[in-house]
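Just add 1342 to the spot in the sequence shown (first one is 1) and you have the working numbering.
Every residue gets a Cβ at the ideal spot worked out from N, C-alpha and C, and that includes glycine.
In this text the structure is predicted, and so the values were computed from the model without any measurement.
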Amino acid sequence: MDLRAIGMGLAFALIWSSAFSSARIIVAAAPPLTALAIRFAISGAIGVLIARALGQNWQLNRAQWRSVIIFGICQNALYLGLNFVAMQWIEASLAAIIASSMPLIVAAANWAIFREKLPVMGVLGLMAGFGGVALIMAQRLTGGVDPLGVALCIVGAIALAVATLTVTGASSGKSSGASVLMIVGLQMLVGGAALVPFALALESWVVDWSWQLIVAFIYTCFAPGLLATWIWFLLVQRIGATRGATFHFLNPFFGVAIAAVILGERLGWADILGVTIIAAGILAVQLARAAR
């Protein structure tokens, strides 16, 4: 892994983790699904327009179109949609911790369902990682955290795992190198379109306007929305999905740290211990898979 790939991975993890805090600001002042659908429309349209200006097109093969649709629905509509709704009731740090279990879910699915061979270190990492999540959940639930919000985040993490299992298909093929930004824009438009019916049916347009909301929304559109996703696709192309996913071990650290700094969220001993265990488990799993 070269220095450029390391820089890309660190940038992705930092930007991706910051999305939980900016989302928390947004959902405190605006209807979550409506705000997210608008964000996807803006980010997706800008991504497609930039891609067209760079000479990219949407002439993808069938497998790539299928992956774009699945990725758009699973990551954008389900994962982000459920997290936006959940963060009306739970803290950004908790949402980030639950989402950080995604690499563990992917590894567990590959091992249990697809019969991928996983060294002993990887199996121990899986057990430790899920143990860390259980530790945090037990402490938070006894402390009065909203169980519905937790459940929505867990379902979202599973949806993100499904999206991650398809990302290689979305970024593979002869046209992927020239069309990566187009793919990013298209999958956002797919996610936004999937959210519109639910936003119209379940929400009303009531917004508590503030400069914090505007800054958070603009940041979410361009940083986690376009930039982080684009970096992720390029990173997967450069070093592969398995090695790229190694950087997810930083997400629990970055997620809780940013929430503490930006939102003033407090962390207990179980959170700190659990995050450390989760990160160690993720790193062990990814290193074990990369060494095969």
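Taking Cβ to Cβ, would you say residue i is nearer than 8 angstroms to residue j?
i       : j       : result
LEU1507 : TYR1421 : no
GLY1597 : SER1359 : yes
ILE1624 : PHE1575 : no
ALA1499 : ALA1565 : no
ALA1612 : LEU1477 : yes
ALA1599 : GLU1433 : no
THR1588 : ALA1633 : no
GLN1430 : PRO1374 : yes
VAL1487 : CYS1416 : no
GLY1389 : GLY1485 : no
VAL1549 : ALA1383 : no
GLY1473 : ALA1630 : no
LEU1345 : SER1521 : no
LEU1537 : GLY1423 : yes
ALA1558 : CYS1495 : no
ILE1439 : PRO1594 : yes
If you draw a straight line from the alpha carbon of residue i to that of residue j, how long is it in whole angstroms?
i       : j       : result
PHE1362 : VAL1462 : 33 angstroms
MET1530 : GLY1567 : 8 angstroms
THR1571 : PHE1354 : 8 angstroms
ILE1380 : TRP1400 : 22 angstroms
ALA1377 : VAL1532 : 15 angstroms
SER1364 : ILE1620 : 23 angstroms
GLY1610 : ALA1428 : 21 angstroms
MET1469 : TYR1561 : 36 angstroms
GLY1351 : ARG1585 : 10 angstroms
ALA1454 : GLU1545 : 39 angstroms
ALA1534 : PHE1540 : Note on residue identity: the sequence assigns Gly, not Ala, to residue 1534. Each residue's Cα considered, the two are about 10 angstroms apart.
MET1524 : GLU1607 : 37 angstroms
ALA1543 : GLY1616 : 38 angstroms
ILE1556 : GLY1582 : 36 angstroms
LEU1391 : GLY1397 : 10 angstroms
ILE1412 : ARG1404 : 12 angstroms
SER1517 : ALA1419 : Note on SER1517: pLDDT 42, under 50, position unreliable in the model; the coordinate value appears next. Approximately 25 angstroms between the Cα atoms of the pair.
THR1618 : GLN1628 : 16 angstroms
Under a three-way DSSP split, which group does residue i fall into?
i       : result
ASP1613 : helix
GLY1486 : coil
ARG1608 : coil
GLN1401 : coil
GLN1430 : coil
ALA1541 : helix
PHE1596 : helix
SER1546 : coil
ARG1394 : helix
ALA1371 : coil
ALA1632 : helix
LEU1576 : helix
SER1360 : helix
ARG1457 : coil
SER1435 : helix
TRP1551 : coil
ALA1377 : helix
Using a threshold of 7 angstroms, is the CB atom of residue i nearer than that to any non-hydrogen atom of the ligand COA?
i       : result
TYR1421 : For the structure depicted, the ligand COA is absent and the ligand set is empty, with no information on it obtainable.
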